[in-house]
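Scroll down for the structure; my scribbles are underneath it.
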Amino acid sequence: MTNKSERFYNIVALASMALIILPVGIACLILGFGLGDNPCILCWQERAILIFVTLTTLFIMRYGLRPKYLGLLILYCTIGIFMTLRHTGGHFLRDLGQGFSLEIFGLHTYTWGVVICWSILLILSIILIFFGNNLVDNEDGEVRYLSKFQSLAFISYFIILFFNSVQAFTQVGPPPFIGHSDPVRFSWVPKNWHWSTKNWSGLLKPFSLRGNYSIDKPYFKHDERRKIAMFQSGDELMKVKEVSLPSEIRGGIRDIDYNSESKLFAIVTDQYFIYILDDKLKSILYYVRIDPLYSIDIKTFVGISFIGPRRLMVTGYNKSYVVIRIDEGAKIVDHYAGFLEGTNGISEKYRGRLSSVRSKYSYIRCLAYDKKTQELVIVSIPNEKNNKVIATRFSSADFLLNSEKEIFIDDNDLGPVISSLKVIDSILYGLDPNSSEILILDNELDAFSGSIKLPKGNYHGLAVFEGKQFVLIEQKRATFYTK
């Protein structure tokens, strides 16, 4: 064997010992036995991956550098990166300093798994680049002779493996016991050992690559399951007039709003069109079609609200939004990035995402602006995994979360779907098209306090005209009602 080849296997031996002693050995002997830190179920999987990676390096030292061993290393590291990102991802967005388990050089232990697996893949790429034409060192299949230094890597591996086996048996238990989500601290005393099969139930649930984000998209047609009204009785409205909307409006109307200062209506459709109309709903003054894929992915538009006399906010059902301004000096040619088509007179100010906590795993179908508190308000729609209805308020200054409240919680009944929301004197009026009623929310957003009954119809949007009339959109018609 050449000196060059021997140096290579000494490097492999050094890497093998570094892998098993530093992350795995320190985690077991120092953090575990010394500081009482027990790994959770995901930590055990990450530790097992590093043990398998080290075992493969031992095969390389014993039988030579072969493609199948490199393939195994790539496979293990791929699984390891998935597991560590799966683990780390649950803590990435926490507040500063929060996390799980102990820190090493400022990083929690599970984060180091990502760094280690990526480093191994980087080293493998270097090996393939420089040794790719001569991978098989022992073509006759003979076992390599190990130097004392290389033998030390084997000894280190089995010592660390033994101590990890002790920790696993005493703290987790033999099969069918399984690791914990929140392990208790390490103990040598048997009465403090906590053996559990609890996590099997989580592993046996229906599998989805999207996990908690596997939520069905909003259903924009009438849902017969939700047609039962929340209130058996309520105020009724009197019809004032009916107006046919301009035929130039393209797409299904999703929401409408009115601003009493500028005397303008705004309409949004499911084809990403925003229309600005006069106060008689007869003429289209301006319009644009938003590019929903520019910068931020905005799903189908569901809500529109004036946040100023000439400033509007539009949101998709995924809580991504765009803010536009009515500006006579704006030119459509200057907004190629954000607008697919339109007229002069509208400019885009910015785009963003509304980030909630309680309604994180829920979509929305409405947006409102509370002028008194200068807050934006959304109401989540219930789904099969989360039947709660959450009212969430955001500051209109920075669009960050101000408050959240659960306004409907009933595990035995389907919650209402608020498809349009408006605010009058800090009281919210939410259109539920399935039950043909306008639900009323009290000032504190604690619960629905009553309803206004509507004639049967296929309503899509709700606006408040001059503070005293409701405007309901049905197909391409706007009907004005008063109490």
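Throughout, my numbering is defined as the position within the sequence shown, counted from one, plus 7.
Using N, Cα and C, we set each Cβ at its ideal position, and we do this for glycine too.
By Cβ distance below 6 Å, which residues in the same chain neighbour residue i in space, the five residues on each side in sequence not counted?
i: I303; result: S327, R358
i: R400; result: E382, V384, N409, S410
i: A273; result: D264, I283, I311, L319
i: F66; result: Y76
i: C84; result: C124, I127, L128
i: Y301; result: A344, G345
i: V330; result: M320, K356, Y357
i: P299; result: Y279, I305
i: A398; result: V386, K412, I414, L452
i: I480; result: I260, I263, H467, G468
i: K379; result: S433
i: A454; result: I414
i: G258; result: T276, D277, Q278, F280
Taking residue i as part of the alpha helix (DSSP H), name the residues at either end of that continuous run.
i: Y76; result: 74-96
i: E13; result: 10-26
i: I425; result: Run containing I425: none; DSSP gives neither H nor E here.
i: Y70; result: 48-70
Which same chain residues end up closer than 8 Å to residue i when comparing Cβ atoms and leaving out the 5 residues on each side of it in sequence?
i: N171; result: V31, C35, R54, I58
i: N17; result: S154, F156, Q157
i: T489; result: L244, M245, V247, K475, Q476, F477
i: W207; result: P183, I185
i: L109; result: L38, L42, D44, H115, T116
i: V179; result: W51, I185, G186, H187, W202
i: I425; result: R372, C373, V386, I388, V396, G437, L438, D439, L446
i: N199; result: V191
i: F406; result: Y328, G359, L361, L383
i: I314; result: M320, V330, Y376, L383, S403
What are the boundary residues of the beta strand (DSSP E) that residue i is part of?
i: Q476; result: 476-481
i: K248; result: 245-251
i: A485; result: 484-489
i: V272; result: The sequence as given places Phe at residue 272; Val does not occur at that position. It spans 271-276 - the beta strand (DSSP E) in which F272 sits, taken as one unbroken run.
i: G437; result: 434-439
i: Y220; result: Neither: Y220 is in no beta strand (DSSP E) and is coded neither H nor E.
i: L100; result: L100 -> no beta strand (DSSP E), and no H or E assigned at all.
i: Y265; result: 260-266
i: R257; result: Per DSSP, R257 belongs to no beta strand (DSSP E) and is neither H nor E.
i: L469; result: 466-472
i: Y294; result: 291-297
i: S456; result: 455-460
i: F112; result: Premise fails: F112 is in no beta strand (DSSP E) and is neither H nor E.
i: F40; result: Premise fails: F40 is in no beta strand (DSSP E) and is neither H nor E.
i: L448; result: 444-448
i: I303; result: It is not in any beta strand (DSSP E) - I303 carries neither H nor E in the DSSP assignment.
i: L284; result: 280-284
Can you give the beta carbon distance from residue i to residue j, rounded, assuming they're within the 8 Å contact cut?
i: M68; j: R151; result: 7 Å
i: I447; j: S456; result: 5 Å
i: L80; j: L131; result: 6 Å
i: P316; j: E355; result: Contact flag wrong, Cβ pair sits at about 18 Å.
i: I222; j: N390; result: 5 Å
i: G106; j: H98; result: 5 Å
i: R365; j: E413; result: 7 Å
i: Y376; j: S402; result: Contact flag wrong, Cβ pair sits at about 12 Å.
i: Y368; j: N393; result: 5 Å
i: Y324; j: P225; result: 5 Å
i: F193; j: F40; result: 7 Å
Quick one: what's got a C-beta closer than 7 Å to residue i's C-beta in the same chain, skipping five residues either side?
i: S188; result: C47, I48, N206
i: R261; result: V275, T276, D277, F308, V309, H467, G468
i: I27; result: T61, S163, Y164, I167
i: L252; result: L288, K483, R484, A485
i: A22; result: T64
i: K463; result: S443
Notebook entry, point to check: Fully enclosed by the region 140-202, which alpha helix (DSSP H) runs are 4 residues long or longer?
Noted result: 155-178
Check: So, do the region 419-437 and the region 461-474 have three or more beta carbon pairs nearer to each other than 8 Å?
Finding: yes
Note to self: Does the contact criterion of 3 or more C-beta pairs under 8 Å hold for the region 284-294 versus the region 337-351?
What the structure shows: yes
Next item on the list: Scan the region 306-372 and note each continuous beta strand (DSSP E) run of 3 residues or more that stays entirely inside, going in chain order.
Entry: 308-315, 318-323, 327-333, 346-349, 353-360
Item checked: the region 110-123 contacting the region 88-95, beta-carbon criterion three pairs below 8 Å -> yes
Checklist line | Sufficient close CB pairs (3 or more, under 8 Å) joining the region 329-349 to the region 385-398 | finding: no
Margin query: Can you confirm whether the region 34-53 touches the region 108-119 when touching is taken to mean that 3 or more C-beta pairs between the two stretches lie within less than 8 Å?
Written below: yes
Item checked: Ordered list of beta strand (DSSP E) runs contained in the region 369-416, each at least 3 residues -> 375-377, 382-386, 396-402, 408-415
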